[in-house]
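Structure first, commentary second.
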């Protein structure tokens, strides 16, 4: 079983501090994992990512299966050697990509058959094949293959996908050949509390190393996300890590940590950087705005990142105006630092027992900046 | 007059070692200046560029005049502050861009009138306006506005452009308001030795801080470039820096240093990186080739750069196959390191008096790799 120890708990919330131990190093939780879908965190050098405080990154089985293929990882001894990342890696199973990306997909009880976007060949991604590929990639924490559906699907569809996810989870567990590689199950059930409860009850009866909350940030509102996250986290065993998949914004993270979530991943830091949007202590800034043409101040005066200490908004805007690749690179660095610094500060606050007050003040500051005077909880959805 | 001291000369060639002193630091010559056209060296952090050994960079008056405009530089005290580059900057005058890029251009004795590609407004770039903008940018070494034409133009056109370049050079000199900013004249005359001689004779009678060889790498062959470069360099005063503009490949640099050239700039290191081409000690490598899919060795086993010490050809190929921005970034780092390391090695060889033999061996190794068994000098043109 993956070593995981809870070392402190917040006084006024369910937030907790923990340590996860993998073959490639330890991870202080709560942790944000930068997304390295194709064995690269978009535009960033792995040493930069590590230098900003990332402890573990996420890679994706679906994309890596198609290119460069599992053999490329077997040949060099895993993704760490392949991409020059020195630490632990979690691999998503490919379930979400089969749902959202795959061409000519046919889904059966066996798995998903689909056409490669690289060479047009047909592939079968079954629970067993996903574990085989994740093992080849050299994953420290593997995910079970799950069936993802739109979170607004009808109750019968949501139940059917959840039940298949349960059967696939057990097949994934049975397919694991190397017990020292952790395997996480994924709680599904859409935005239906009763189904989420049923899913958590079922999966926690089996020997998974950790539990993820899946199927969120796919059409749900911020308040639905918060409710389902809090409910699911409460139903998961205290002694095992809880991972909220693909979520989300800084407010999402702050809220989910209040509920006791330990692990996160999200493409937003780099994704928004490429669109010219930076995160700051009080919310988002679109650097391409013409009002920043003469802004000789940094993105965030409080930020200690290498970008804020050296470049002005006016210069960053200039880079975006000229479509210069240094622009998204610098914004990606800043945004990634912002996320990782937020997590480091959250860990300090949990250790001091002051996280709940910190998180609420932080949520209010962001909400005030991004949504004017509206109260938290009724704020407009800040979905992508 | 810009302080420039020749500190050593090669024993068997005209190659020489020098030191250029500017308000923003000294430059050991021969020096390669990375091209930062729009106040950014494509995709690279200025600290990376400095860390690889760049001492001075080049920026472009034409592009910076249009965006962000001279006022952006005046406001923050120059391009060094604007882009976070700690060292000296040379600015090209815009002459070459007016020739090669400008829309709806009308060229008169006064200067060039053209339409901005940013906001469609008309601009007049005269010798005086170019000096004014270069001064605002905060240039340490300014260039005179020159009239560039295709090097294969007929003799009358080449002479007319050369004579206008001379008149514009004197107007540029008269327009300089701050004598501590260096100003270089540009020798023109196409591939006609007599005209090149006339141009050098004329310009060297005036108090320019240095002399550039312009109008090459615009349609000429490698042997024409070598002949004209060697001739022009010989005609220029030994006590002043010689700058070969926009040239070129590693063989071009090695040859020009043999002829006594002190300064270079070229977009090739980053330009070819974005196309997936890397420079190695024995020539170019196209990393996207399918034969590198399983190549677990670095781009260049002899190279000490951060890319070659950490990444394989197979990984770099994977990044390019996936259109991942880390690919061109890592290749740009490698290529820039390759150029800067070549210059550092050339300086060591000149100091030791062994440059001529070193350069010839190096030229042969590259030639053997890139053109099979053909002899140097009759090698096919490796033009872009």
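Chains as they are written, first to last, in this note's numbering: chain A, 169 to 552; chain B, 169 to 552.
Built from N, CA and C at the ideal position, the CB exists for glycine as well.
Keep in mind it's a predicted model, so treat the numbers as computed, not measured.
> With 16 other CB atoms within 10 Å as the buried threshold, where does residue 440 of chain B fall?
Replying inline: Buried, because 16 or more other Cβ atoms sit within 10 Å of the Cβ of residue 440 of chain B.
> In the DSSP assignment, what are the bridge partners of residue 369 of chain A?
Replying inline: DSSP lists no partner for residue 369 of chain A.
>> Less than 8 Å between C-beta atoms, sequence neighbours within five positions excluded: which residues of the same chain meet that for residue 457 of chain B?
In response: Counting only Cβ-Cβ distances below 8 Å, and skipping sequence neighbours, we find 485.
> Are at least three pairs of beta-carbons, each pair with one atom in the stretch 185-198 of chain B and one in the stretch 247-267 of chain B, less than 8 Å apart?
Replying inline: yes
>> List, in chain order, every chain B residue whose beta-carbon is nearer than 9 Å to that of residue 517 of chain A.
In response: Those do not exist, as residue 517 of chain A stays about 32 Å from chain B at its closest Cβ, beyond 9 Å.
> For residue 248 of chain A, which residues in chain B fall below 7 Å Cβ to Cβ?
Replying inline: Within chain B, no residue comes near residue 248 of chain A; the closest Cβ sits about 12 Å away, beyond 7 Å.
> If you measure beta-carbon to beta-carbon, which residues of the stretch 223-246 of chain A are closer than 7 Å to chain C?
Replying inline: Of the chains in the structure shown, none is chain C; the protein chains are A and B.
> Which of helix, strand or coil does DSSP assign to residue 381 of chain B?
Replying inline: strand
> In this structure, does DSSP put residue 248 of chain B in helix, strand or coil?
Replying inline: helix
> Using 8 Å as the limit for Cβ to Cβ distance, is residue 473 of chain B near chain A?
Replying inline: no
> From residue 309 of chain A to residue 348 of chain A, what does the alpha carbon distance come to, in whole angstroms?
Replying inline: 9 Å
>> Output needed in chain order: residues of the stretch 440-465 of chain B with a Cβ under 8 Å from some Cβ in chain A.
In response: Identification of residues in the stretch 440-465 of chain B having a C-beta nearer than 8 Å to some C-beta of chain A yields 461, 462 and 464, given in sequence order.
>> In this structure, how does DSSP classify residue 196 of chain B when only helix, strand and coil are distinguished?
In response: In the structure shown, the three-state DSSP call for residue 196 of chain B is strand.
>> Pairs of beta-carbons, one from the stretch 513-533 of chain A and one from the stretch 226-237 of chain B, closer than 8 Å: are there three or more?
In response: no
>> Output needed for residue 365 of chain B: all residues of its chain with C-beta closer than 7 Å, excluding positions within five of it in sequence on either side, in chain order.
In response: 403
>> I want to see whether chain B comes within less than 8 Å of residue 423 of chain A, judged by CB atoms only; does it?
In response: Residue 423 of chain A does not count as touching chain B.
>> Please state the DSSP three-state secondary structure of residue 281 of chain B.
In response: In the structure shown, residue 281 of chain B falls within a strand segment according to DSSP collapsed to helix, strand and coil.
>> Between which residues of its own chain and residue 534 of chain A is the CB-CB distance below 7 Å, once the five residues before and five after are set aside?
In response: Once the five neighbours on either side are set aside, the close Cβ partners of residue 534 of chain A are 418, 419, 450 and 451.
> DSSP state of residue 172 of chain A, grouped into three classes?
Replying inline: strand
>> What are the residues in the stretch 518-539 of chain A lying within 7 Å of chain B by C-beta distance?
In response: none
> I think residue 326 of chain A touches residue 353 of chain A, with their Cβ atoms under 8 Å apart; what is that distance to the nearest whole Å?
Replying inline: Their Cβ separation, rounded to whole angstroms, is 17 Å, which puts residue 326 of chain A and residue 353 of chain A out of contact at 8 Å.
>> Taking DSSP's pairing of strands, which residues face residue 190 of chain B in a bridge?
In response: B/193.
> If you pair each beta-carbon of the stretch 282-291 of chain B with each one of the stretch 315-334 of chain B, do three or more pairs fall below 8 Å?
Replying inline: Because the criterion of three Cβ pairs below 8 Å is not met, the stretch 282-291 of chain B and the stretch 315-334 of chain B do not touch.
> the ligand NAP heavy atoms versus the CB of residue 459 of chain A: any closer than 7 Å?
Replying inline: The model depicted lacks the ligand NAP and carries no ligand whatsoever.
> Within this structure, are the beta carbons of residue 482 of chain A and residue 469 of chain A separated by less than 8 Å?
Replying inline: no
> Just reading off the beta strand (DSSP E) that residue 451 of chain A is part of, what are its end residues?
Replying inline: 451-454
> So, is residue 429 of chain A buried or exposed, given that buried needs 16 or more other C-beta atoms within 10 angstroms?
Replying inline: buried
>> Applying the 10 Å Cβ sphere with the 16-neighbour rule, what's the burial state of residue 491 of chain A?
In response: exposed
>> I want to verify the contact list: residues of chain A whose CB lies under 7 Å from the CB of residue 206 of chain B, in sequence order.
In response: 490 and 492
> Do residue 336 of chain A and residue 318 of chain A have their C-beta atoms within less than 8 Å of each other?
Replying inline: no
>> Suppose you measure from the CA of residue 171 of chain A to the CA of residue 191 of chain A; what does that come to, to the nearest Å?
In response: 10 Å
> What are the residues of the stretch 176-204 of chain B that lie near chain A, defined by any Cβ-Cβ distance shorter than 8 Å?
Replying inline: Within the stretch 176-204 of chain B, contact with chain A at the beta-carbon level (separation under 8 Å) is assigned to no residue.
> Who are residue 534 of chain B's beta bridge partners in DSSP?
Replying inline: Partner(s): none; residue 534 of chain B has no beta bridge.
> Candidates B/210, B/303, B/274 and B/228: which alpha carbon is nearest residue 246 of chain B's?
Replying inline: B/303
>> If you reduce the DSSP assignment to three classes, tell me which class residue 552 of chain B lands in.
In response: With a pLDDT of 32 at residue 552 of chain B, under the threshold of 50, the modelled position of this residue cannot be trusted; read the value that follows with caution. Residue 552 of chain B falls in the coil class under three-state DSSP.
> Whose Cβ in chain A lies nearer than 8 Å to the Cβ of residue 483 of chain B?
Replying inline: 207, 250, 251 and 252
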